[in-house]
DNA sequence: GCATCATATGACTACGTAATCATCTGGGCA
DNA sequence: TGCCCAGATGATTACGTAGTCATATGATGC
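Residue numbers (this note's numbering), protein chains in the order written: chain R, 707 to 1045; chain D, 707 to 1045.
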């Protein structure tokens, strides 16, 4: 049943006995066509196997109905968000052109592709995208939203979770549940997320008289967390020296820290409480059951897409509040009488 | 620095003092242009901020350089594959138009979009895509590859891991390491993957005199696995009644089974060995350290893209061997003298 | 019955590029 | 010097659609 010749709106028009314009209108603006004509057109289209050509439409209408997303290839967090982005775009009838990069050096070629395809808007996982690349993207007039990168104030819109407040909330929760010493395990220190999450935690803890040291794992991935576990034990002089809690800068990183510590005989949460940040689906998996700050992915992306669609302010810099999810990776408050 | 007027190859030609055709050639086929002309063109393009329009190119050349992928929205396995697909396409200079669906009912509208955008090829996560949808996709003459769905013999090409052989290998490994009773925990029983994996396991085990019952979790996701744990214990009459090993039809499902059993006080692997299937990155996470059959994702996708690119046979039905990864979720062979 | 007007329709064109074809240029060789 | 050919270039056209404008159709009011 493969079409031998390309079926265009012209062929359909011929068969239906109307003009090409009427065929086009029957698909793009059905209300502008009489019921009778539309009926004839749809029948002809059906019998010929006609499918409107979105490429030609895009060229003529100067709008592709495609949103681009530029994200790191290997990241549980971004995979999570991409799933949400894709679903919301489908609801809006838009398409998703997905660009991934394994190394920052790949970003420039990716950006070039984004520009060539004339997408209607771009979502940028910008913690890893440098200033120059963002300027390049926006220079063609493409609306762009920097995701979790509020520093991009002068370049494009941005949508972020409130990293600092969220981290402070987590810290407050730890204090409330009886933790008196806390250390922060950072991810990639060059990202704003990392800095803000540490700052939020440190400020809140200081207000309770707790000094919170920063220990860097270098990146946000599982292996970095797993690898830092031994260094943590050394740094604190063994299990007994560990603080009451470790606040980890991201969930995936936290999974690694949890597993790394457990592999070294440390119990989580009995020897040390662990918190994460992101609210990944895996955080609810019983093996981790991570106390974490849940980013409201659905809301974040709705706002981001709103900016791209022009329904929100194009220069807005939005911050969305997350909420604390309490799991068993952090201790419950000690009950009076227990030790 | 936003362009007020759209810059086209015509403007560049004017500034460079050449024809539009030469500008087009300078980008699409540089070797067909003299160094001098190309130089002038590139300078002019640079100064004007010209970016070739891929939409117009696609319309004229009847090839979009875009590959579509239709996958379920929430699946660790597919997220894993999408990352790989995206990376390989980037290497080939192609783009990825990603379509996800949460429910099978969404597939038809997704397929319509695939057809409209005239993608050069489609990858289908076909275990969840019905026959009609696949016919629709291919009816426009778009090359399609069904992924892990060898039943689609008469419709399109397919690329699959050897489910049956892989499952048999896992079973053989269990027998070798001293397991004498094994049950199979299935996912979605309507998928070929599920059936073939059970068949491979059952056959191999039978050849060793072991009868392998099938217990269905209903789907391949974590929650299904977590939920089936209690039913498993009931079915076998408690921890003591459990078989030596549970072969689980997919990794994500296996994570759930592991966590569910552990939550009920069952030790993995001391009380029961668990194996998975897929070889997800999380299978190597120390919390699970799953014995599983690793699908060679890189190879699978290279083959699939090869079919789409026409470098492989378009009607080929390829099967790729996986390999067993041994983790601590299954017991090591009992040493002589130990119990 | 005629004028008026809203709606439906058709002819035409442009979106920006790449392929085709014809023309031109310059170097090699007799 | 003159001829020939390969490579470079330009003019032209088509890809399939949607918007613009003008015309046709039918319903309404007097």
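We treat Cβ as the ideally placed atom computed from N, Cα and C, and that holds for glycine.
Report task. Tell me, please, whether the CB atom of residue 707 (chain R) is closer than 8 Å to any CB atom in chain D? Result -> Confidence at residue 707 (chain R) is low in this model, with a pLDDT of 42, below 50, so the placement of that residue should be treated as unreliable; the coordinate-derived value is given next. The Cβ of residue 707 (chain R) sits closer than 8 Å to at least one Cβ of chain D.
Requested in this report: From the DSSP output, in three-state form, read off residue 717 (chain R) for me.
Outcome: Helix at residue 717 (chain R).
Query raised in the report: Between which two residues does the alpha helix (DSSP H) harbouring residue 932 (chain R) extend?
Result: Here the alpha helix (DSSP H) through residue 932 (chain R) covers 928–942.
Query raised in the report: Looking at the C-beta of residue 1002 (chain R), does it have a partner C-beta in chain D at a distance below 8 Å?
Result: For residue 1002 (chain R), not one C-beta of chain D is nearer than 8 Å to its own C-beta.
Report task. Sort D:928, D:876, D:970, D:821 by Cα distance to residue 987 (chain R) and report the nearest one. Result -> Minimum Cα distance to residue 987 (chain R) is reached at D:928.
Requested in this report: Compute the Euclidean distance between the alpha carbons of residue 1012 (chain D) and residue 801 (chain D), then round it to the nearest angstrom.
Outcome: When rounded, the distance between both Cα atoms is 15 Å.
Query raised in the report: Taking the alpha helix (DSSP H) that residue 786 (chain D) falls in, what are its first and last residues?
Result: Taken as a continuous stretch (DSSP letters only), the alpha helix (DSSP H) holding residue 786 (chain D) covers 782–798.
Query - Partner residues on chain R for residue 755 (chain D), Cβ-Cβ distance less than 8 Å - result: Correct list: 845, 846.
Query raised in the report: Which of helix, strand or coil does DSSP assign to residue 1038 (chain R)?
Result: In the structure shown, residue 1038 (chain R) sits in coil (DSSP, three-state: anything other than H, G, I, E or B).
Query raised in the report: Taking the Cβ atom as the reference point for each residue, do residue 957 (chain R) and residue 922 (chain R) lie within a distance shorter than 8 Å?
Result: No. Outside cutoff.
Query raised in the report: Is residue 765 (chain D) helix, strand or coil by DSSP?
Result: Reduced to three states, the DSSP call for residue 765 (chain D) is helix.
**Report entry** Host alpha helix (DSSP H) of residue 905 (chain R) (start-end)
**Finding:** Segment 898–912, the alpha helix (DSSP H) holding residue 905 (chain R).
Query raised in the report: What number of angstroms, rounded off, separates the C-alpha of residue 798 (chain D) from the C-alpha of residue 1016 (chain D)?
Result: If you draw a straight line from the Cα of residue 798 (chain D) to the Cα of residue 1016 (chain D), it is about 13 Å long.
Query raised in the report: Can at least three beta-carbon pairs, one atom from the region 741–752 of chain D and one from the region 711–724 of chain D, be found at a separation below 8 Å?
Result: In short, these stretches touch, since the Cβ pair count reaches three.
Query - Sequence-distant residues of the same chain with beta carbon closer than 6 Å to residue 908 (chain R), five excluded per side - result: Taken in chain order, the residues that qualify are 918.
Requested in this report: Tell me whether the beta-carbon of residue 833 (chain D) lies closer than 8 Å to the beta-carbon of residue 931 (chain D).
Outcome: No, the pair does not count as a contact, with Cβ atoms beyond the cut-off.
Query raised in the report: Between which two residues does the alpha helix (DSSP H) harbouring residue 851 (chain R) extend?
Result: Secondary structure note for residue 851 (chain R): it is in no alpha helix (DSSP H), and the uninterrupted beta strand (DSSP E) holding it is 850–853.
Requested in this report: Answer with buried or exposed for residue 940 (chain R), where buried requires no fewer than 16 other C-beta atoms within 10 angstroms of its C-beta.
Outcome: Classification of residue 940 (chain R): exposed, given that the 10 Å Cβ count is below 16.
**Report entry** Interface partners of residue 792 (chain D) on chain R, CB under 7 Å
**Finding:** In chain order: 779, 804, 806.
Query raised in the report: Going along the chain, which residues of its own chain have a beta-carbon closer than 7 Å to the beta-carbon of residue 910 (chain R), five neighbours each way excluded?
Result: 874, 877, 878.
Report task. Mark residue 716 (chain D) as exposed unless 16 or more other C-beta atoms lie within 10 angstroms of its C-beta, in which case mark it buried. Result -> Result: exposed.
**Report entry** Range of the contiguous beta strand (DSSP E) that encloses residue 774 (chain D)
**Finding:** Here the beta strand (DSSP E) through residue 774 (chain D) covers 772–778.
Report task. Using the Cα positions of residue 963 (chain R) and residue 935 (chain R), report the straight-line distance between them to the nearest angstrom. Result -> Rounded to the nearest angstrom, the two C-alpha atoms are 6 Å apart.
Query raised in the report: Pairing CB atoms from the region 965–980 of chain R with CB atoms from the region 942–951 of chain R, are three or more of them under 8 Å?
Result: Counting Cβ pairs under 8 Å, three or more are found: they touch.
Query raised in the report: Under a CB-based cut-off of 8 Å, is residue 769 (chain D) close to chain R?
Result: So no, residue 769 (chain D) is outside the interface.
Query raised in the report: For residue 787 (chain D) versus residue 1003 (chain D), is the C-beta distance shorter than 8 Å?
Result: Yes. Within cutoff.
Query raised in the report: Mind checking if residue 764 (chain D) is an interface residue toward chain R, Cβ cutoff 8 Å exclusive?
Result: Interface annotation, residue 764 (chain D): in contact with chain R, CB-CB separation under 8 Å.
Query raised in the report: What three-state label does DSSP hand residue 1025 (chain R) in the structure shown?
Result: Here residue 1025 (chain R) sits in strand by DSSP.
Query raised in the report: Which word fits residue 844 (chain D), buried or exposed, when buried means at least 16 other C-beta atoms lie within 10 angstroms of its C-beta?
Result: That one is buried.
Requested in this report: With DSSP as the reference, please indicate the residues paired to residue 957 (chain R) in a beta bridge.
Outcome: According to DSSP, residue 957 (chain R) bridges with nothing at all.
Query - Residue from R:868, R:739, R:926, R:830 whose Cα sits closest to the Cα of residue 1030 (chain R) - result: Among R:868, R:739, R:926, R:830, the Cα nearest to that of residue 1030 (chain R) belongs to R:868.
Query raised in the report: Would a check of beta-carbon distances place residue 752 (chain D) closer than 8 Å to chain R?
Result: No, residue 752 (chain D) lies away from the interface with chain R (no Cβ there is under 8 Å from its Cβ).
Query - Residue span of the beta strand (DSSP E) that contains residue 835 (chain R), given as start and end - result: First-last for residue 835 (chain R): undefined, no H or E at that position.
Query raised in the report: When the Cβ atoms of the region 992–1009 of chain D are set against those of the region 808–819 of chain D, are three or more pairs found closer than 8 Å?
Result: No, they do not touch.
Query raised in the report: Residues of chain R with CB under 8 Å from residue 993 (chain D), in chain order?
Result: Against residue 993 (chain D), the close residues of chain R are 961, 964, 965, 968, 993, 994, in the order they occur along the chain (beta-carbon pairs closer than 8 Å).
Query raised in the report: Does the Cβ of residue 741 (chain D) have 16 or more other Cβ atoms within 10 Å, making it buried, or fewer, making it exposed?
Result: Looking at its Cβ environment, which holds fewer than 16 other Cβ atoms inside 10 Å, residue 741 (chain D) is exposed.
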